[in-house]
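S.K.: My numbering numbers the first residue of the sequence shown as 3 and each following residue consecutively.
C-beta atoms are modelled at their ideal positions from N, C-alpha and C, and glycine is treated no differently.
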Amino acid sequence: MGFGFAAGTTDGPGAFDFKQGDVKGNPFWKLVRNLLKTPNAEQVECQKPKPILLDTGEMSQPYAWAPSILPLQILRIGQFVILCVPGGLLVQEVFQNIVISFTKNYFPSLYLEKAFMIVGLSCKMFFQFNKKQ
3 MGFGFAAGTT
13 DGPGAFDFKQ
23 GDVKGNPFWK
33 LVRNLLKTPN
43 AEQVECQKPK
53 PILLDTGEMS
63 QPYAWAPSIL
73 PLQILRIGQF
83 VILCVPGGLL
93 VQEVFQNIVI
103 SFTKNYFPSL
113 YLEKAFMIVG
123 LSCKMFFQFN
133 KKQ
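1. Quick one: is residue 100 buried, meaning 16 or more other Cβ sit within 10 Å of its Cβ, or exposed?
2. Can you have a look at residue 20 and say buried or exposed, based on whether 16 or more other CB atoms are within 10 angstroms of its CB?
3. So what's residue 79 in DSSP terms, helix, strand or just coil?
4. Excluding sequence positions up to five away, which residues of its chain have a Cβ less than 7 Å from the Cβ of residue 22?
5. Three or more C-beta pairs closer than 8 Å, one from the segment 57-69 and one from the segment 28-39: is that the case here?
6. Residue 68 to residue 78, Cα distance in whole Å?
7. Apart from the five residues just before and just after residue 126, which ones in its own chain have a Cβ nearer than 6 Å to its Cβ?
8. Looking at the strands, I want to know which residues DSSP matches up with residue 14.
9. Kindly indicate the opening and closing residues of the alpha helix (DSSP H) around residue 106.
10. Taking buried to mean at least 16 other C-beta atoms within 10 Å of its own C-beta, is residue 55 buried or exposed?
11. Of the choices 102, 17, 52, 92, whose alpha-carbon is the least far from that of residue 83?
12. How long is the line joining the alpha carbons of residue 111 and residue 105, rounded to whole angstroms?
13. Using the rule of at least 16 other Cβ atoms within 10 Å of the residue's Cβ for burial, across every protein chain shown, is residue 94 buried or exposed?
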């Protein structure tokens, strides 16, 4: 999660001195971050130009900081499939491709690539993913 995340949203501002659009970060909060977990070079490169506040996807003490199980709903009516998935468009596209591939390989009689509706769940959940994969 980045410094912009801590700055808040349109629902309200965050606490302390975080600002939206910050590409440098605050030295004090970087020190706090590094006490918890210093992001590795790959994470920093992946998130550029935004600085990382909390590397939650790699933090596991005293327990995992990011969920490994996410809510997913699939509703099929004939050949029409509604996917209810968390996350933004990139994550929704990944789920759609998985279902298309699975259906094509294991249920070819049900396969119809264009009969999909993607619904983004409005769950208050943050999760990690690698955009390179």
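M.R.: Walking through what the data contain:
1. exposed
2. buried
3. Note: residue 79 maps to strand in three-state DSSP.
4. Apart from sequence neighbours up to five positions away, the residues of its chain that approach residue 22 with a beta-carbon distance below 7 Å are 6, 9, ordered along the chain.
5. yes
6. 30 Å
7. With a pLDDT of only 49 at residue 126, under 50, the local geometry of the prediction cannot be trusted, and no value is derived from it.
8. 11
9. First-last of the alpha helix (DSSP H) with residue 106: 91-108.
10. buried
11. 102
12. 9 Å
13. buried
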